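Trainee: Numbering (the UniProt record's numbering), first residue to last: 1 to 105.
1. Anyone know if the C-beta pair for residue 82 and residue 63 falls short of 8 Å?
2. Look up residue 66 in the DSSP assignment and give the residues it is bridged to.
3. With a floor of 3 residues, list each beta strand (DSSP E) that falls wholly inside the UniProt domain "MRNA cap 0 methyltransferase" (1-105), ordered by position along the chain.
4. Got a sec: is the Cβ-Cβ distance from residue 34 to anything in chain C below 8 Å?
5. Does the beta-carbon distance from residue 40 to residue 21 come in below 8 Å?
6. Quick one, are the C-beta atoms of residue 104 and residue 17 less than 8 Å apart?
Have a look at this one:
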């Protein structure tokens with residue numbers, strides 16, 4: 001993993017805020033939410049009936065849960081995975097990376 005990073009180099013990444021997505025999902029009536037500019041649709045695990053999807057995530061982490069993302073004039077129905085930032089940070093630390101900044105926008 002880290003052999004592709006040069007010592008002293010920087011890794012800059014962006015991702016959605018998994019906590020915000022989970023809160024919006026829980027506030028929605030179904031498995032999707034958005035407006036005229038964007039849309040997020042959560043995908044139940046393979047073989048699970050959408051009616052049985054537990055939006056409270058009791059007993060399991062939503063980390064890695066798949067969702068479709070659409071952003072007008074930029075992203076057309078892209079499948080992405082939910083990121084739990086503390087876990088992502090820990091994985092980076094295990095690879096010798098140091099978090100310099102984290103911001104939400």
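Even for Gly, the Cβ is constructed at its ideal location relative to N, Cα and C.
Just so you know, these numbers come straight off a predicted model, no measurement behind them.
Mentor: If we stick to the structure as given:
1. yes
2. 81
3. 32-34, 38-42, 66-71 and 75-81
4. Absence of chain C from the displayed structure is noted, only one protein chain being present.
5. yes
6. yes
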